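Undergrad:
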Amino acid sequence: MVGTEGSSILLTGGTGSFGKAFLRHALEHLDPRRVVVFSRDELKQYEMRGLFGDDPRLRWFIGDVRDRERLRRAMHDVEYVVHAAALKQVDTAEYNPFEYVQTNVQGSQNVIEAAIDCGVRKVVALSTDKASSPINLYGATKLVADKLFVSANHYAASYDTRFAVVRYGNVMGSRGSVIPFFRRLAERGESLPITDKRMTRFWISLEQAVEFVVDSFGLMRGGELYVPRIPSMRIMDLARAVAPQSLIHEIGVRPGEKLHEEMIAPDDSRRTVRLPGRYVVMPTIATWGYVPPQGGEPVREGFSYRSDDNDMWLTADDLQGLLATCG
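Counting with my numbering, you get residues 1 to 327 for the letters of the sequence shown.
Now the structure itself:
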């Protein structure tokens with residue numbers, strides 16, 4: 001992140017897997033004056049404080065992104081915001097749709113309003129592959145959030161605040177990853193439930209996700225949607241890598257679940273360019289003086305970035321090596 005030395009950074013949803021990895025990276029490499037962890041779970045904050053000790057640069061705010069006034073208080077004198085707070089369980093969203101709307105949509109708008117009001121310089125919001133051509137409620141709320149953050153640059157045009165979005169796939173080592181679930185079943189000698197043996201997913205490590213977000217702060221001008229070029233993996237290869245001796249049984253695709261994930265839809269190809277290590281989806285309408293990225297190579301019309309036709313793949317052996325490094 002360019003210019004972070006001596007600056008103040010706020011992280012919403014800061015007690016999740018990404019938050020812990022980002023906080024560790026920020027303290028070790030970004031030389032911030034202050035890092036504010038904003039989340040609603042006091043127990044997770046208590047446990048996280050135990051991990052990071054009494055670093056004088058850390059601030060801990062209990063608060064919910066549904067509360068705009070609390071966000072304004074937390075963003076006082078903050079230059080950079082990473083918006084990671086979200087409700088994320090696909091099946092839970094189908095049963096509790098409006099709760100997801102209030103957190104993922106209204107909460108995102110609250111972050112936008114508070115950031116503009118407080119004079120934040122740059123905001124990067126975390127998205128998901130499920131926001132591209134969504135078929136479930138969770139993905140739909142994240143697509144709306146993506147649109148809100150891109151369009152927020154219109155409202156902030158006369159201010160210094162700029163917004164961008166980062167979208168990536170499944171995160172290896174995250175709390176919601178299937179890996180610890182498979183491991184627990186294998187330890188008990190139970191078979192692994194696979195929704196569909198044909199399934200594929202994009203795959204990124206926590207460290208790669210953090211570095212991609214940090215790099216995006218340095219590149220962004222406001223209005224971009226950044227997508228990393230990352231490998232795909234087959235769910236059967238993952239199961240063999242995690243528990244090679246375990247039996248496998250199919251249980252069928254769950255409600256709202258896709259066989260293959262997508263991060264860039266064909267209709268977005270006209271606005272997409274490729275840079276080293278990433279794609280950039282540019283805004284549809286840009287009235288704030290947006291400057292397209294230099295050196296970007298336009299993708300072909302109709303291009304889509306899907307986990308089943310990716311040109312980068314992880315084999316079972318690759319996955320075993322990565323799992324050994326991430327524990």
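Here a beta-carbon is modelled for each residue, glycine too, at the ideal position from N, C-alpha and C.
If you're wondering where the values come from, they're calculated on a predicted model, not measured in any experiment.
Near VAL253, which residues of its chain fall below 6 Å by C-beta distance, leaving aside the five closest residues on each side in sequence?
TA: Numbered from 1 along the sequence shown, position 253 holds the residue referred to as residue 253. Cβ within range, chain order: THR195 and ASP196.
Undergrad: Would you check if the distance between the CB atom of ALA125 and the CB atom of ASN104 is smaller than 7 Å?
TA: The sequence position of residue 125 within the sequence shown is 125, counting from 1. The sequence position of residue 104 within the sequence shown is 104, counting from 1. No. Outside cutoff.
Undergrad: Please state whether the Cβ-Cβ distance between THR272 and SER232 is less than 7 Å.
TA: Along the sequence shown, read from residue 1 onward, the residue named residue 272 stands at position 272. Along the sequence shown, read from residue 1 onward, the residue named residue 232 stands at position 232. Cβ atoms of THR272 and SER232: not closer than 7 Å.
Undergrad: With distance defined between alpha-carbon atoms, name the residue in LEU30, SER8, GLU301 and ASP308 nearest to ARG121.
TA: Along the sequence shown, one-based indexing puts residue 121 at 121. When only C-alpha atoms are compared, the closest one is SER8.
Undergrad: Taking ARG59 as the reference, give the member of ALA265, PHE98 and TYR46 with the closest Cα.
TA: What you label residue 59 is simply residue 59 of the sequence shown in a count that begins at 1. Of the listed residues, the one whose Cα sits closest to ARG59 is TYR46.
Undergrad: Please classify GLU261 as buried or exposed, where buried requires at least 16 neighbouring CB atoms within 10 angstroms.
TA: Taking the first residue of the sequence shown as 1, we reach residue 261 at position 261. Burial call: buried.
Undergrad: Within this structure, are the beta carbons of SER132 and PHE202 separated by less than 7 Å?
TA: The sequence position of residue 132 within the sequence shown is 132, counting from 1. The sequence position of residue 202 within the sequence shown is 202, counting from 1. No; because the gap between Cβ atoms is not below 7 Å, this pair is not in contact.
Undergrad: Helix or strand or just coil, what does DSSP make of TYR290?
TA: Here residue 290 refers to the residue found at position 290 when the sequence shown is read from its first residue. TYR290 falls in the coil class under three-state DSSP.
Undergrad: Applying the criterion that 16 or more other CB atoms from any shown protein chain within 10 Å of the CB defines a buried residue, is ASP55 buried or exposed?
TA: Here residue 55 is taken as the residue at index 55 of the sequence shown, counted from 1. So ASP55 ends up on the exposed side.
Undergrad: Grouping DSSP H, G and I as helix and E and B as strand, with all else coil, what is VAL78?
TA: Translated into positions along the sequence shown, residue 78 becomes position 78. Three-state result, VAL78: coil.
Undergrad: Sort PHE217, SER191 and LYS130 by Cα distance to PHE163 and report the nearest one.
TA: To locate residue 163, count along the sequence shown from 1; it is residue 163. Out of PHE217, SER191 and LYS130, PHE217 has the C-alpha closest to the C-alpha of PHE163.
Undergrad: Which class does TYR279 belong to by DSSP, given the choice of helix, strand or coil?
TA: Within the sequence shown, the letter at position 279 stands for residue 279. Of the three classes helix, strand and coil, the one that applies to TYR279 here is strand, per DSSP.
Undergrad: For the alpha helix (DSSP H) containing LYS88, name the first residue and the last one.
TA: Taking the sequence shown and counting its residues from 1, one reaches residue 88 at position 88. Element bounds for LYS88: n/a, residue is neither H nor E.
Undergrad: Could you tell me which residues DSSP pairs with PRO228 in its beta bridges?
TA: Within the sequence shown, residue 228 is the residue found at index 228, counting from 1. DSSP lists ARG278 as partners of PRO228.
Undergrad: Taking three-plus beta-carbon pairs below 8 Å as touching, is the region 71-84 in contact with the region 31-46?
TA: By the Cβ test, the region 71-84 is in contact with the region 31-46, since at least three Cβ pairs between them sit closer than 8 Å.
Undergrad: Specify the secondary structure class of GLU297 as computed by DSSP and reduced to three states.
TA: Within the sequence shown, numbered from 1, the residue matching residue 297 stands at position 297. GLU297: strand per DSSP, three-state reduction.
Undergrad: Hey, GLY139 and LYS147: beta-carbon distance below 7 Å or not?
TA: Translated into the one-based positions of the sequence shown, residue 139 becomes position 139. Translated into the one-based positions of the sequence shown, residue 147 becomes position 147. Cβ distance not < 7 Å, so GLY139 and LYS147 don't count as in contact.
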